[in-house]
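Just so it is clear: in the sequence shown, position 204 is 204 by full-length UniProt numbering, and no numbers are missing. All C-beta atoms, glycine included, are put in the ideal place defined by N, C-alpha and C. Note sheet for the following structure.
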Amino acid sequence: MITNGDDESNNNLTIYLPEDVIHNIFTFLPIKHAISSSLVAKSFLNSWLYVRNLCFDINFETNCSVNGRDEIPIIDNILSNYLGEKIHRFSLYIPVSTRYLPFLKKWIQHVASKSVEEFELRLPRPTDESSYFMHSNCIDIETLYSLKLGCFSNDELIIKGSNKFKTLLIRDCEDISLVTIDNSSISTFHYDGEINKIKFANSIRLNDVLLNFGATTGLQHIRERDDLIKVFRNVQTLSINNILLEGLSPRFVNFEYKDMEYYLPNLKELQLVRHDWSFINLWDIVFFVKNRPQIQRLFIDFGDYAMEAGSYWNIVAKENFENCETEFRELKLLKVKGFKALELEKN
C-alpha cells in the first residue's frame, strides 16, 4: 500500500510492504546491515539468520579487532543458528590459521549443506609457525558455482564439483605441489602461482583463462605443453605473463631449433604482462598470436625491462620477425605499454 500526503514535496510519502516481503529483502543484505536492520521491529529480529550472503572477509576481521571482539565465536554463532535454506555466497578470511582449525571443517560442511553457490576462502601466506593443511574433499561441494582459494599449504589440491561449477580462482598458492582440476564444466579459470603445478584430469572447455606464473630463476619449459594447448583451444579471453610465453616459445633443444605450431581458433582477446627481466622477445609474441585468426583485442604491457637480444634473437628470431607478414584482419584494438628495445633498436 502506498499513501501520499498533500505536501507538494512528497515528504509524507509512506510505503507499506507485507512483512514477508521485508523479511525477504533483509536476506539479501550483508550480514552486518541485516543484523542492525532487524532491530526495526520485533517481527524481524530473526531475519538476519536467513541472510544469503555471509561475508567474513578481511574488513570483518579488522572491524572485530578494532572493537576488541573475537571474530571466531561470532562466525560460529551465526552459522550454528542459521535458519535459511540456501546460502548464495560465503566468504571467509583467516588471519591466523591455527585458531580456526577446530572450526573450519565444520563451517565448510555447514555451508555446503545450505547449497552454497559462491565460496571464497583466503589465508595469509603460510610461515613455519603457521600453516594450514586442507583435505581436498572439504571443498567437494555439489552446488558450487564459483570457488576462490588463496594461500594454501598442501601436498596436492583436488578440485571437484557438479556440472554447475563454472568459475575457479586460485591465488598465492606457491606451497601447493599440484592443483588437479577434476571437473569438465569449469569455463572460467584464474590461477596465480608457480609454473607446472596445474593438471587437468578430464577434457575441459575453458572460455576465460588467467595464468600469472611466479618469477623463476631461469628459462622454464612447460611440461606436457601439448596438453595445455589442447585445454586452451576453446578459450576466448586469455591473460598471461612472460613466464607462460617463455614456456611455450620455440627454442634450441639439444642444439636443434624447435618450432612448435599451435592453433587457438576461438581466441578473441589476449592480455600479456611482462614481469621483471625476461627471455622473451618480439618474435615470441608475434609467434604466439600469428595463428589466431579471430583475435580482436590485444593488450601488451612490457614493464620496465628491455627485450631480450641474445644469441637466439640474433641467429633465429630477428630474421623470422623481419620476414613475418602476418595480418590481423579482425584486430580492433591494440594497446602497448612500456616498450623498450635498447639492443634491438641498435640492430
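Check: Spatial neighbours of Glu330 in its chain, beta-carbon cut-off 6 angstroms, leaving aside the 5 residues before and after; Outcome: Gln294 and Gln296
Check: Distance CB(Asn266)-CB(Gln236) smaller than 7 angstroms; Outcome: yes
Check: Where the alpha helix (DSSP H) through Cys55 begins and ends; Outcome: Per DSSP, Cys55 belongs to no alpha helix (DSSP H); it is in the beta strand (DSSP E), Asn53 to Phe56.
Check: Same chain, Cβ closer than 7 angstroms to Asp182, neighbours up to 5 away in sequence not counted; Outcome: Ile158, Ile159, Lys160, Ala201 and Asn202
Check: Three-state secondary structure assigned by DSSP to Gly247; Outcome: helix
Check: Buried/exposed call for Asp128, threshold 16 Cβ in 10 Å; Outcome: For Asp128, the predicted model reports a pLDDT of 47, less than 50, meaning its position is unreliable and no value from the coordinates is stated.
Check: Ser146 beta carbon less than 7 angstroms from that of Glu118; Outcome: yes
Check: Among Leu79, Thr98, Pro95 and Leu101, the one whose alpha carbon lies nearest that of Val111; Outcome: Leu79
Check: Rounded separation between Asp172 and Phe26 - CA only; Outcome: 35 angstroms
Check: Cβ-Cβ separation, Asn212 to Asn242 (assumed contact under 8 angstroms), whole Å; Outcome: Incorrect: roughly 10 angstroms between the Cβ atoms, too far for contact.
Check: Distance CB(Ile186)-CB(Leu210) smaller than 7 angstroms; Outcome: no
Check: Nearest residue (CA-CA) to Ile75, options Trp48, Glu156 and Gly338; Outcome: Trp48
Check: Beta-ladder partner(s) of Tyr263, from DSSP; Outcome: For Tyr263, which the question treats as bridged, DSSP gives no partner whatsoever.
Check: As assigned by DSSP and simplified to three states, the class of Asp70; Outcome: coil
Check: Buried or exposed (CB count within 10 angstroms, at least 16 for buried), Tyr263; Outcome: exposed
Check: Where the beta strand (DSSP E) through Ser239 begins and ends; Outcome: Thr237 to Asn241
Check: One or two residues paired with Gly150 in a DSSP bridge; Outcome: Arg122 and Arg171
Check: Any C-beta of chain C under 7 angstroms from that of Thr167; Outcome: The chain inventory of the structure shown lacks chain C, comprising one protein chain alone.
Check: Range of the contiguous beta strand (DSSP E) that encloses Leu298; Outcome: Arg297 to Asp301
Check: Burial state of Ile315 (16 or more Cβ within 10 Å); Outcome: exposed
Check: Close beta carbons around Arg52, own chain, < 8 angstroms, minus the five adjacent residues each side; Outcome: Thr27, Phe28, Gly84, Lys86, Ile87, His88 and Arg89
Check: Opposing strand residues paired with Arg99 [DSSP bridges]; Outcome: DSSP output for Arg99 lists no bridge partner at all.
Check: Residues that DSSP places opposite Gln109 in a beta bridge; Outcome: Note: Gln109 sits in no beta bridge, so no partner.
Check: Beta-carbon proximity of Leu272 to Ile229, cut-off 7 angstroms; Outcome: no
Check: Rounded distance between the beta-carbons of Phe288 and Leu245, thought under 8 angstroms; Outcome: 6 angstroms
Check: Coil, strand or helix - Asp227 by DSSP; Outcome: helix
Check: Simplified DSSP state of Lys166, which is helix, strand or coil; Outcome: coil
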